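As C-alpha cells, the structure follows; a few thoughts come after it.
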Amino acid sequence: LACAADEIWADTTSVVGSIGVISSGFGLDQFIGRHGIERRVHTAGGSKSFMDPFRPEKEEDIARLKRLLEDMHDSFKDYVRARRGAKLASDRDLFTGDIWTGRQALAEATGLIDGIGHAVPKLKELYGKNVRTVAYAPKRSIFRRFGASLGTEMGAGASGALIDAAEDRALWARYGL
58 LACAADEIWA DTTSVVGSIG VISSGFGLDQ FIGRHGIERR VHTAGGSKSF MDPFRPEKEE
118 DIARLKRLLE DMHDSFKDYV RARRGAKLAS DRDLFTGDIW TGRQALAEAT GLIDGIGHAV
178 PKLKELYGKN VRTVAYAPKR SIFRRFGASL GTEMGAGASG ALIDAAEDRA LWARYGL
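For the sequence shown, my numbering assigns the number 58 to the initial residue and increments by one for each residue that follows.
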C-alpha cells in the first residue's frame with residue numbers, strides 16, 4: 058500500500074515491513090467426524106475443493122499452495138523493489154515478513170521509509186500551510202446525521218449533516234467520483 062507513494066513517511070510507532078505472504082486455515086475433518094456431521098460437496102472441476110478444511114490435507118494441495126504463495130511473494134518483492142529502488146538496504150533481506158517500528162526502520166537504514174513524520178504536519182511542510190486534509194471516520198447512522206440524538210437540536214444536526222454530505226460530494230467530485 059505505502060509503495061504507491063513517491064515518499065513514505067512513518068510515525069515512530071508505525072509498523073512497517075511485513076513483506077511476505079501468509080495463508081492460514083483450520084483442519085476440521087476430524088472434528089466434524091467426531092460430531093457425526095456428514096459433509097456433502099459437489100463440484101465441477103477437479104481443483105474446486107482445493108485446501109478444503111473439512112477434508113484431510115493433500116500433499117499436492119500443499120505443494121500447489123506453496124507455489125501460489127511463492128509467486129505472490131515474488132510479485133510483492135518485485136513491486137517493492139520497483140517502487141523503492143536504490144533506497145532499499147542491499148545488505149539485508151527485507152522480504153522475510155519481519156516488521157519494524159518506524160523508528161527502527163529509519164535507524165537501521167532499511168530503506169522502507171524516507172523519514173519520520175505525522176501526516177498533517179508533514180503535508181503542510183511539503184505543500185504549504187493551506188494544504189487541505191480530510192479525516193475519514195466511520196459513517197454515522199441516518200439518525201445521527203440528522204441530529205436525532207440526545208442533547209442535539211434537530212435543526213442544527215440536519216444542517217451539519219447536509220454540510221458534511223456536500224463537502225464529501227465536492228471532495229470526491231474533484232477526482233471524477
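Don't be surprised by glycine CBs; every beta carbon is placed ideally from N, CA and C. The structure displayed is predicted, hence computed values, not measured ones.
Would you call residue i buried or exposed, if buried means 16 or more other Cβ atoms sit within 10 Å of its Cβ?
i, result
"VAL177", "exposed"
"THR69", "exposed"
"ARG226", "exposed"
"VAL137", "buried"
"ILE247", "Any answer about residue 247 is impossible in this case: the structure gives the chain only from 58 up to 234."
"ILE119", "exposed"
"ILE220", "exposed"
In the structure shown, what three-state DSSP assignment does residue i receive?
i, result
"GLY172", "strand"
"VAL72", "strand"
"ILE156", "strand"
"ALA67", "strand"
"LEU85", "coil"
"TYR232", "coil"
"LYS196", "coil"
"GLU123", "For the sequence presented, residue 123 should be read as Lys rather than Glu. It is helical."
"SER132", "helix"
"LYS181", "helix"
"ILE79", "coil"
"ILE94", "coil"
"VAL137", "helix"
"ALA166", "coil"
Keeping to the same chain, check which residues put their C-beta closer than 7 angstroms to that of residue i; ignore five residues upstream and five downstream.
i, result
"LEU122", "SER80 and MET108"
"LEU163", "ILE170, GLY172 and ILE173"
"LYS13", "This structure cannot settle anything about residue 13, because the visible part of the chain is limited to 58 through 234."
Quick one: what's got a C-beta closer than 6 angstroms to residue i's C-beta in the same chain, skipping five residues either side?
i, result
"ALA67", "VAL73, GLY159 and ILE170"
"GLU114", "none"
"LYS287", "This structure cannot settle anything about residue 287, because the visible part of the chain is limited to 58 through 234."
For the putative contact between residue i and residue j, defined by C-beta atoms under 8 angstroms, what is the C-beta separation to the nearest angstrom?
i, j, result
"ARG96", "PHE111", "5 angstroms"
"HIS130", "GLY168", "Actually they are not in contact, since the Cβ atoms of HIS130 and GLY168 sit about 19 angstroms apart, beyond 8 angstroms."
"LEU228", "VAL191", "6 angstroms"
"CYS235", "ARG141", "Because the chain in this structure spans residues 58 to 234, residue 235 falls outside the shown range and cannot be described."
Enumerate in chain order the residues of its own chain whose CB-to-CB distance from residue i is below 8 angstroms, with the five nearest sequence positions on each side excluded.
i, result
"TRP157", "VAL72, VAL73, GLY74, GLU165, THR167 and LEU169"
"SER237", "Only positions 58 to 234 of the chain appear in the structure, and residue 237 is not among them; the question remains open."
Taking 8 angstroms as the CB-CB cut-off, is residue i touching chain D?
i, result
"GLN161", "Annotation note: the requested chain D is absent from the structure, which comprises a single protein chain."
Worksheet item: If you pair each beta-carbon of the segment 146-161 with each one of the segment 95-108, do three or more pairs fall below 8 angstroms?
Response: The answer is no - the segment 95-108 does not touch the segment 146-161, with fewer than three Cβ pairs under 8 angstroms.
Worksheet item: Within the chosen definition, does the segment 74-91 reach the segment 180-188 through at least 3 CB pairs nearer than 8 angstroms?
Response: No, the segment 74-91 does not touch the segment 180-188.
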